[in-house]
Amino acid sequence: MLRKLGKVTRVRREQEAAVPPGQFATQKFPVMTYGPTPDVDLGEWRFRTSGLVQHDVMLTWEQLTGLDKVTVEAEFHCVTQWSRMRNTWEGVPFSEVMRLAMPLPEAKFVMVCSYGGYTTNLALDALMDDDVLFAYRHDGAPLTRDHGGPLRLVVPKRYGWKSAKWVNGLVFMAEDAAGFWERNGYHMAGDPLQEQRFREGMR
Ligand SMILES: Nc1nc2c(c(=O)[nH]1)N[C@H]1C(S)=C(S)[C@@H](COP(=O)(O)O)O[C@H]1N2
Ligand SMILES: [Mo]
730 MLRKLGKVTR VRREQEAAVP PGQFATQKFP VMTYGPTPDV DLGEWRFRTS GLVQHDVMLT
790 WEQLTGLDKV TVEAEFHCVT QWSRMRNTWE GVPFSEVMRL AMPLPEAKFV MVCSYGGYTT
850 NLALDALMDD DVLFAYRHDG APLTRDHGGP LRLVVPKRYG WKSAKWVNGL VFMAEDAAGF
910 WERNGYHMAG DPLQEQRFRE GMR
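Mind the numbering: the sequence shown is residues 730 to 932 in our numbering, read in order.
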């Protein structure tokens, strides 16, 4: 359900979501990070779009946080089998950044890039869902650095590795290409309802 409240939108589940197959629900919010945790000064922080877009957008922190806002209530599923079923994320809707970047018709996939070099790939269609956002708050508090602050992508309908922490850019592509975990055998799409954990022939 989507309800416009001026420039703030709320995206709520119609009903309690079920725990996906092979997952267990936890109240905890573990930190899952490969490698060091980046520390970026907000004055230096930048977000960029490139590739198959009409506009190579470059946003400062002030510009990003001045965009339309969304509050999303959603579950979060890590491929290591924990699911945190209730989360309230606040940030900028993915579609709002698309409005600025204007992907070309041939753009079908996106490489999401982060400070520290982490990458993950997603279909543009999956990112255009109304529950996808760039989050800077979680459960009523500023997003901590451990959990991806100042800004992370959140894609509730994909496994957690697609929700890139410390996000700093998007590259629009015609063909799919593997990001960090996808090169290491994780699934290209990663839908928890279909248990798309690993790719055939790998693991
Ligand atoms: N930049 C970056 N983003 C990342 C990761 C990472 O290692 N680096 N780990 C991913 C994985 S596997 C998961 S499950 C979630 C975990 O988010 P959390 O640490 O906030 O629980 O972040 C994802 N995003
Ligand atoms: Mo994960």
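Ideal Cβ positions, reconstructed from N, Cα and C, are used throughout, including at glycine.
For residue i, does the three-state DSSP call read helix, strand or coil?
i, result
"Glu911", "helix"
"Arg742", "coil"
"Pro885", "coil"
"Pro871", "strand"
"Trp818", "strand"
"Thr762", "coil"
"Thr794", "helix"
So if DSSP puts residue i in a beta bridge, which residue, or which two residues, is it bridged to?
i, result
"Met902", "Phe838"
"Met787", "Arg777"
"His806", "Ser812"
"Val896", "Ser843"
"Val769", "DSSP, once it has assigned bridges, lists no residue as partnering Val769."
"Val748", "Note: Val748 sits in no beta bridge, so no partner."
"Ala918", "None; Ala918 has no bridge partner."
Run the CB neighbour count on residue i, radius 10 Å, all protein chains shown included, and call it buried at 16 or more, exposed below.
i, result
"Pro834", "exposed"
"Leu788", "buried"
"Arg887", "buried"
"Phe753", "exposed"
"Gly846", "exposed"
"Gly869", "exposed"
"Gly820", "buried"
"Asp860", "buried"
"Lys757", "exposed"
"Tyr957", "Because residue 957 is not part of the residues shown, which for the chain are 730 to 932, the question remains open."
"Asn913", "exposed"
Locate the alpha helix (DSSP H) running through residue i, then write down its first and last residues.
i, result
"Phe823", "Phe823 to Ala830"
"Ala855", "Leu853 to Leu856"
Tell me which residue opens and which closes the beta strand (DSSP E) that residue i is part of.
i, result
"Arg866", "Leu862 to His867"
Report, in whole angstroms, the separation of the C-beta atoms of residue i and residue j, which I expect to be a contact under 8 Å.
i, j, result
"Lys891", "Val884", "5 Å"
"Leu853", "Tyr865", "About 22 Å; that fails the 8 Å criterion."
"Met857", "Asn850", "That pair is no contact at about 15 Å."
"Met902", "Phe863", "No, Met902 and Phe863 are not in contact; Cβ-Cβ is about 19 Å, not under 8 Å."
"Met831", "Val782", "6 Å"
"Thr848", "Phe909", "5 Å"
"Arg928", "Met917", "7 Å"
"Leu829", "Val799", "Actually they are not in contact, since the Cβ atoms of Leu829 and Val799 sit about 15 Å apart, beyond 8 Å."
"Arg742", "Glu791", "About 32 Å separates the two Cβ atoms, so there is no contact after all."
"Gly898", "Cys842", "4 Å"
"Pro750", "Glu924", "5 Å"
"Tyr844", "Pro921", "Incorrect: roughly 26 Å between the Cβ atoms, too far for contact."
"Asn816", "His867", "6 Å"
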